[in-house]
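Take a look at the structure below.
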Amino acid sequence: MTASDTSENLDLAASAREIADGSPSGSVQKAAAGSVAVTCATTRSLDEARTVLSGVKPEPVRQAALDLLDRLSVGG
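In the working numbering, the protein residues as written are 1119 to 1194.
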């Protein structure tokens, strides 16, 4: 783990929080983005975040969260 890993995760958390805040209440997108935000804020690396998100249930939220993490981590 490096300081840049941690700051990258915090940047991803902030981006995911913005997406969650702009998503409709009760939507899969809001749940997924909220999961990514909390996970990235509390993990030290992208790999650790991915591992934690792989345990999210239900499956549609898990898949949406992993997809969002992938998009955010490549800058999109």
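The C-beta atom is built at its ideal place from N, Cα and C for all residues, glycine as well. Every value quoted in this text rests on a predicted model; they were computed, and no experiment measured them.
- For E1166 and S1143, the gap between their C-alpha atoms comes out near 27 Å.
- In the structure shown, K1175 adopts coil according to DSSP, grouped into three states.
- A check of alpha carbon separations from T1124 across Q1181, P1178, T1157, L1171 identifies T1157 as the nearest.
- A1132 sits exposed, since fewer than 16 C-beta atoms from the chains shown fall within 10 Å of its C-beta.
- A distance below 8 Å separates the beta carbons of L1130 and S1191.
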